[in-house]
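See below for the structure under consideration.
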Amino acid sequence: VLKTLKVFNAKATFFCIGDNIIKHPDVFNRVTKDGHAIGNHTFNHLKGWITDNESYIQNALQCQQLTKTNLFRPPYGRIKKSQIKLLKSHIPKLNIVMWDTLSGDFDLTLAPEKCYQNVINNARNGSIIVFHDSLKAYDRLKYALPLVLKYFSEKGFQFAALNES
Numbered sequence: 215v216l217k218t219l220k221v222f223n224a225k226a227t228f229f230c231i232g233d234n235i236i237k238h239p240d241v242f243n244r245v246t247k248d249g250h251a252i253g254n255h256t257f258n259h260l261k262g263w264i265t266d267n268e269s270y271i272q273n274a275l276q277c278q279q280l281t282k283t284n285l286f287r288p289p290y291g292r293i294k295k296s297q298i299k300l301l302k303s304h305i306p307k308l309n310i311v312m313w314d315t316l317s318g319d320f321d322l323t324l325a326p327e328k329c330y331q332n333v334i335n336n337a338r339n340g341s342i343i344v345f346h347d348s349l350k351a352y353d354r355l356k357y358a359l360p361l362v363l364k365y366f367s368e369k370g371f372q373f374a375a376l377n378e379s
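Just so it is clear: in the sequence shown, position 87 is 301 by this note's numbering, and no numbers are missing.
This is the structure we're talking about:
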């Protein structure tokens with residue numbers, strides 16, 4: 215993923231799971247060294263809608279100790295209002311970041327071409343596009359990401375990481 219982004223001079227925001235940062239510190243360090251932004255995606259990718267608030271907040275704060283960011287994306291794009299309020303009480307400048315274009319690369323039933331089409335048919339200037347840098351998504355990601363970057367680069371688009379303000 216990092217090599218592909220570099221080929222297209224693209225920057226991205228990686229919403230990191232804390233447990234993966236612990237397991238792969240070299241990858242995490244390379245992401246930041248390459249100038250990409252980091253976001254908090256909880257320590258264990260919890261399902262907020264079925265997790266009690268205290269456990270969810272502690273899990274997010276555990277990841278926060280590693281990411282030290284104001285960017286947060288709830289796993290599965292779902293979070294309770296009470297969890298937002300509690301998170302912001304611990305991290306006052308927290309920005310909850312969702313998306314407007316989902317590649318679907320996490321879906322094992324989707325063909326890689328469908329992930330590519332999902333993006334080019336729905337993304338526009340300023341879009342936040344979601345891909346997953348996971349083993350589960352890898353076959354679809356390795357196909358779709360370079361094609362998406364090529365398609366939009368040829369149309370004059372640039373790819374930027376989110377900033378924390």
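The beta carbon of each residue, even a glycine, is placed where N, CA and C say it ideally should be.
Predicted model, so just to flag it, every value in this text is computed and none were measured.
Checklist entry - Under three-state DSSP, which class holds A374? => result What you label residue 374 is simply residue 160 of the sequence shown in a count that begins at 1. Note: A374 maps to coil in three-state DSSP.
Item to check | Own chain partners of N258 with C-beta closer than 8 Å, once the 5 adjacent residues on each side are dropped | outcome: Residue mapping note: residue 258 aligns to position 44 of the sequence shown, counting from 1. For N258, where only same-chain residues beyond five positions count, the Cβ hits under 8 Å are I231, G232, D233 and N273.
Item to check | Inter-residue CB distance, I252 and V245 (contact presumed, cutoff 8 Å) | outcome: Residue mapping note: residue 252 aligns to position 38 of the sequence shown, counting from 1. Residue mapping note: residue 245 aligns to position 31 of the sequence shown, counting from 1. About 7 Å separates the two Cβ atoms, so the contact holds.
Item to check | As assigned by DSSP and simplified to three states, the class of I310 | outcome: Translated into positions along the sequence shown, residue 310 becomes position 96. It is a strand residue.
Checklist entry - If we ignore side chains and look at the alpha-carbon of each, how far apart do W263 and Q278 end up? => result Position 49 of the sequence shown, counted from the start, is the residue given in the question as residue 263. Position 64 of the sequence shown, counted from the start, is the residue given in the question as residue 278. Using only the alpha carbons, I get a separation of about 20 Å.
Item to check | Unbroken stretches of the alpha helix (DSSP H), 4 residues or longer, contained in the segment 241-294 | outcome: 267-281
Checklist entry - According to DSSP, which residues form a beta bridge with F222? => result As a first step, residue 222 is located in the sequence shown; it is residue number 8 there, counting from the start. For F222, which the question treats as bridged, DSSP gives no partner whatsoever.
Next on the checklist: What does DSSP give as the partner residue(s) for E305 in the beta ladder?
Outcome noted: Residue mapping note: residue 305 aligns to position 91 of the sequence shown, counting from 1. The identity of residue 305 in the sequence shown is Ile, whereas the question assumes Glu. Beta-bridge pairing links I305 to no other residue.
Next on the checklist: Just to confirm before moving on: does the CB-CB distance between A325 and K225 stay below 7 Å?
Outcome noted: Within the sequence shown, numbered from 1, the residue matching residue 325 stands at position 111. Within the sequence shown, numbered from 1, the residue matching residue 225 stands at position 11. No. Outside cutoff.
Next on the checklist: Measuring straight from C-alpha to C-alpha, what distance separates L216 and Y352?
Outcome noted: Reading the sequence shown from its first residue, position 2 is the one you call residue 216. Reading the sequence shown from its first residue, position 138 is the one you call residue 352. Taking the straight line joining both Cα atoms gives about 13 Å.
Checklist entry - Cβ of Y270 within 7 Å of Cβ of L260? => result Position 56 of the sequence shown, counting from 1, holds the residue named residue 270. Position 46 of the sequence shown, counting from 1, holds the residue named residue 260. Yes, the pair counts as a contact, with Cβ atoms nearer than the cut-off.
Checklist entry - Going by beta carbon distance, what residues of the same chain come within less than 8 Å of G340, once the five residues before and after it are set aside? => result In the sequence shown, residue 340 corresponds to position 126, counting from 1. Correct list: empty, nothing qualifies.
Item to check | Contacts around S317, its chain only, beta-carbon distance under 7 Å, and the 5 residues preceding and following it disregarded | outcome: As a position in the sequence shown, residue 317 is number 103, starting the count at 1. Excluding residues within five positions, the ones whose Cβ falls inside 7 Å are C329, N332, V333, I343, V344, F345 and A358.
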